[in-house]
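Below: one structure, written as structure tokens.
Protein chains: 2
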Amino acid sequence: MRGHRCISSRQLDNSESETEDEESETMRCISCKAEYGTREAGTCKECYEEASETEEELKREIEDLKAKVAFLRFWSPLDNITRSHGGPCYTDVVLVASSHDGTAGPPVPVPAHKAVLMSRSPVFKAMLENEMEESRSGTVKISDVSYEAIRAFVNYLYTAEACLDEQMACDLLELAEKYQVKHLKAYCEKFLVSKLNWDNSVISYAFAHQHNAKLLLDTALSLITDNMDKLTKREEYMELVEKDPRLVVEIYEAYLSKQVNTAAHKGSSIKQKSS
Amino acid sequence: MRGHRCISSRQLDNSESETEDEESETMRCISCKAEYGTREAGTCKECYEEASETEEELKREIEDLKAKVAFLRFWSPLDNITRSHGGPCYTDVVLVASSHDGTAGPPVPVPAHKAVLMSRSPVFKAMLENEMEESRSGTVKISDVSYEAIRAFVNYLYTAEACLDEQMACDLLELAEKYQVKHLKAYCEKFLVSKLNWDNSVISYAFAHQHNAKLLLDTALSLITDNMDKLTKREEYMELVEKDPRLVVEIYEAYLSKQVNTAAHKGSSIKQKSS
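Here it is, written out as structure tokens:
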């Protein structure tokens, strides 16, 4: 075994300055190749190698799961319309927007398979299993929603993919809520949370309330309660007071409990100092 | 900064014997908590923390993918037969085993959705897209395969899951090959590789050859060429010589090239020593 030179932590700390021939005398990180001292110690070689193996295993599992997703994903019957794959795709139901947004012309039906709708949504399952009107007619009317939203909704049921902007995320979250497609609802909610800011916080809060989107609700609420001083001047705030004062009350209640917690926290930290 | 006691690598190597109060003076692995010396150095703290974060991210991705798989997975129409979920499931095609295994009674039809078969298999897609006999009659006859195998096959097309033993893995691999369901073929092949041993190596080799199962073929072949001395005595070997001598030739060719490589390797290592 080589001899070991006596080195102080200080020397080790700014060891980047040391010359190459001294490498073997100090700890060198296998990963970043920099030398390090006692207080920067991470793991021993064995644990490092174990960790690397774990990472490899996780990556393999991800590859397997991606292949499984690719296998289970459906081509959507909409592909046949837009990209004209040609050939029949044996759709046995259509979804139609009975839209009230005053768009001209008759609504365009979106074709689908009962089997797919039923497997993705318990609401569709109940609707199509029991011989209800939709099942007999092979037509499912959906009100207050655009053709584009229904297209995207059906497409998601086949592919588990959607191209979102904020409007589409809201429309799809509403549909996901209505037809109990949890996976889509979570997907839209995550997107809306990522788009949260002070300007859309009040509207998002009200929207989340309306559609039981817990994650979006809590995130919006904490954003609002962090900016109470600016809140009352906002137009959306005044509208909300008019439209749904209970929601405003909940904002203040959340603000209050936050203040109490902060106070309690401060108190305890002061105690700690004084003791 | 604390003073640093001078310690030799040797002391660090058997540092487990050191007492607690000297901990802070030596490198201690964050992961396994054991002390380590220069030659056992793994990573610095920063790299350790980075690696931990990566692991967390990978685990989150796995959770997301598992949820996606759960969403995209179908309930199989077979569930309705066996567990009698009740309600129609709008199947529009049946698969029938025109079995030659001499089982009594008429074959039991396995119900399915054309849309599902078409989305999982390009062969079914071509068959059902173009108005072929199967498409018109709504019946797909499959020869030389048991009812159980067809059931398991259809079930896999809906759920990406199968309960395998060696016989079922072979049957499903044949079906996967015939209908070009790559994901299922890979799944069965992995299983058969995991079950490979000296006793089934020759049969597996021949089977893999017949169905273009490259991974199984190579694994079986290397198992065989590692035991050439025992090979010629095996019954399956003599049968293979009778039935398909070309496959036997390939075994010997593989064995030969292996010997050449080993010789070359030995040669080079001897050279290195002598130099």
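Protein chains in written order, with the UniProt record's numbering: chain H, 1 to 275; chain A, 1 to 275. Note that CB positions come from ideal geometry on N, CA and C, so glycine has one too. Note that the structure is a prediction, hence the values are computed from the model and not measured.
Under the three-state DSSP convention, the category residue i falls into
i	result
A:Arg234	coil
H:Val260	helix
H:Met27	strand
A:Glu148	helix
H:Val241	helix
A:Lys33	coil
A:Val154	helix
A:Ala213	coil
H:Val116	helix
A:Ser143	strand
H:Pro111	strand
A:Gly267	helix
H:Glu131	coil
A:Tyr255	helix
H:Cys170	helix
A:Ala160	coil
A:Pro106	coil
A:Ser137	helix
H:Val248	helix
A:Glu22	Because the pLDDT at A:Glu22 is just 39, under 50, the model does not fix this residue reliably, and the point stays unresolved.
Same chain only: Cβ atoms within 6 Å of residue i, ignoring 5 sequence neighbours per side
i	result
A:Ser143	Ser98
A:Tyr255	Thr225, Met228
H:Leu164	Phe191
A:Val93	Ala112, Lys114, Gly138
A:Met118	Phe124, Lys125, Leu128
CA nearest to the CA of residue i, picked from the options
i	options	result
A:Ala213	A:Leu128, A:Leu184, A:Thr26, A:Tyr158	A:Leu184
A:Lys178	A:Thr54, A:Leu164, A:Glu189, A:Ser121	A:Ser121
A:Leu175	A:Lys190, A:Tyr156, A:Asp165	A:Tyr156
residue 336 of chain A	A:Val93, A:Asp64, A:Cys170	The displayed coordinates of chain A run from 1 to 275. Any statement about residue 336 of chain A would go beyond what the structure contains.
A:Ile251	A:Ala263, A:Leu58, A:Leu231, A:Gly267	A:Leu231
A:His209	A:Glu129, A:Glu189, A:Gln259, A:Lys33	A:Glu189
residue 283 of chain A	A:Lys66, A:Val202, A:Asp64	Residue numbering for chain A in the displayed model covers 1 to 275; residue 283 of chain A lies beyond these limits and cannot be assessed.
H:Glu235	H:Lys59, H:Glu46, H:Glu131, H:Asn200	H:Asn200
A:Ala186	A:Ala160, A:Ser257, A:Asn197, A:Ala206	A:Ala160
A:Glu73	A:Ala162, A:Val123, A:Leu58	The identity of residue 73 of chain A in the sequence shown is Arg, whereas the question assumes Glu. Nearest option by C-alpha distance: A:Ala162.
A:Ser194	A:Gly37, A:Ala206, A:Gln180, A:Ala220	A:Ala220
H:Lys182	A:Trp198, A:Glu49, A:Lys68, A:Thr38	A:Lys68
A:Ser222	A:Glu253, A:Lys233, A:Arg246	A:Glu253
H:Gly37	A:His211, A:Gln180, A:Ser31, A:Lys45	A:Lys45
A:Lys233	A:Gln180, A:Trp198, A:Glu131	A:Trp198
A:Phe71	H:Gln180, H:Thr262, H:Phe207	H:Gln180
A:Ala206	A:Arg246, A:Glu131, A:Met168	A:Arg246
H:Val145	H:His211, H:Glu49, H:Met168, H:Asn130	H:Met168
Neighbourhood of residue i by C-beta distance below 8 Å, restricted to the same chain and skipping five residues each side
i	result
A:Val248	Tyr237, Leu240, Val241
H:Pro127	Looking at the sequence itself, residue 127 of chain H is Met, so the reference to Pro does not match. Same-chain partners within the cutoff: Glu134, Ser135, Val140.
H:Ala41	Met27
A:Ser8	With a pLDDT of only 40 at A:Ser8, under 50, the local geometry of the prediction cannot be trusted, and no value is derived from it.
A:Ala51	Thr43
A:Val116	Phe74, Leu157, Tyr158
Nearest-angstrom Cβ-Cβ length linking residue i and residue j, presumed shorter than 8 Å
i	j	result
A:Tyr90	H:Lys114	5 Å
H:Tyr147	H:Pro107	6 Å
A:Thr54	H:Glu56	Contact flag wrong, Cβ pair sits at about 12 Å.
A:Leu58	H:Ile62	7 Å
A:Cys32	H:Cys47	5 Å
Beta-carbon contacts of residue i that lie in its chain and below 7 Å, excluding the five residues immediately before and after
i	result
A:Ile150	Leu95, Ala97, Val110, Ile142
H:Phe153	Leu172, Leu175
A:Asp21	In this predicted model, A:Asp21 has a pLDDT of only 40, less than 50, meaning its place in the structure is not dependable; the value taken from the coordinates is given anyway. Same-chain partners within the cutoff: there are none.
H:Ser204	Leu192, Leu196, Leu216, Ala220
H:Arg83	Residue confidence for H:Arg83 is low, a pLDDT of 44 falling below 50, so the modelled location carries little weight; the figure read from the coordinates is stated next. Hits under 7 Å: none found.
H:Lys258	Thr225
Contained alpha helix (DSSP H) runs [length at least 4] in the region 35 to 100 of chain H, N- to C-terminal order: Uninterrupted alpha helix (DSSP H) stretches at least 4 residues long and entirely within the region 35 to 100 of chain H occur at 45 to 72, 77 to 82, given in chain order.
Contiguous alpha helix (DSSP H) assignments of at least 4 residues, all confined to the region 175 to 231 of chain H: Runs found: 182 to 194, 201 to 210, 214 to 225, 228 to 231.
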